[in-house]
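Chemist: The sequence shown begins at 49 in the numbering used here and counts up one residue at a time.
Handing you a structure now.
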Amino acid sequence: MNLLFILNKPPYSSDIGKESLDMALAHATFDDTVSLLFTGQGVWQLKTDQFAKLAGLKEFTRLYTGLDLYDIDQLFVSENALDTEQLTRDQLMVEASVLNDEAISRLINQQDRVFCL
Numbered sequence: 049m050n051l052l053f054i055l056n057k058p059p060y061s062s063d064i065g066k067e068s069l070d071m072a073l074a075h076a077t078f079d080d081t082v083s084l085l086f087t088g089q090g091v092w093q094l095k096t097d098q099f100a101k102l103a104g105l106k107e108f109t110r111l112y113t114g115l116d117l118y119d120i121d122q123l124f125v126s127e128n129a130l131d132t133e134q135l136t137r138d139q140l141m142v143e144a145s146v147l148n149d150e151a152i153s154r155l156i157n158q159q160d161r162v163f164c165l
């Protein structure tokens, strides 16, 4: 089954980012094909040099660098979100394909299930 998780929340504003990642990892262990799409402020989840510990938070975003261990290698980032949040590809901790709105629509239509948390 092809599953897409759309992550559109900043990493430490709530538990949603961590819970979304946990769901994706769980599905990947059952041989589902899992893709992650970062949109809106969710692109901040991929930002390098996050200092969650300084705010007393557990830094879960480093788990993104180990997604290949779960066979999750389809990572996508919204081009508009990068522009809006003034981030570049070089500032992301992992390689991700940058998609425009049309490509995002195609990606969504190719999935069996889409989760937007």
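The beta-carbon is built from N, C-alpha and C at its ideal position, and this holds for glycine as well.
Taking the C-alpha atoms as reference points, what is the distance between leucine 135 and asparagine 50?
Modeler: When rounded, the distance between both Cα atoms is 28 Å.
Chemist: Is the Cβ-Cβ distance between alanine 144 and leucine 117 less than 8 Å?
Modeler: Not a contact, by the Cβ cut-off of 8 Å.
Chemist: Please report the straight-line C-alpha distance between threonine 96 and leucine 140, rounded to a whole angstrom.
Modeler: About 6 Å.
Chemist: Where does serine 153 sit, in a helix, a strand or coil, going by DSSP?
Modeler: Serine 153 falls in the helix class under three-state DSSP.
Chemist: Would leucine 55 and phenylalanine 86 be called neighbours here (beta carbons separated by less than 8 Å)?
Modeler: It is a contact, given that the beta carbons lie within the stated cut-off.
Chemist: Taking the continuous beta strand (DSSP E) assigned at threonine 81, which residues delimit it?
Modeler: Here the beta strand (DSSP E) through threonine 81 covers 81 to 86.
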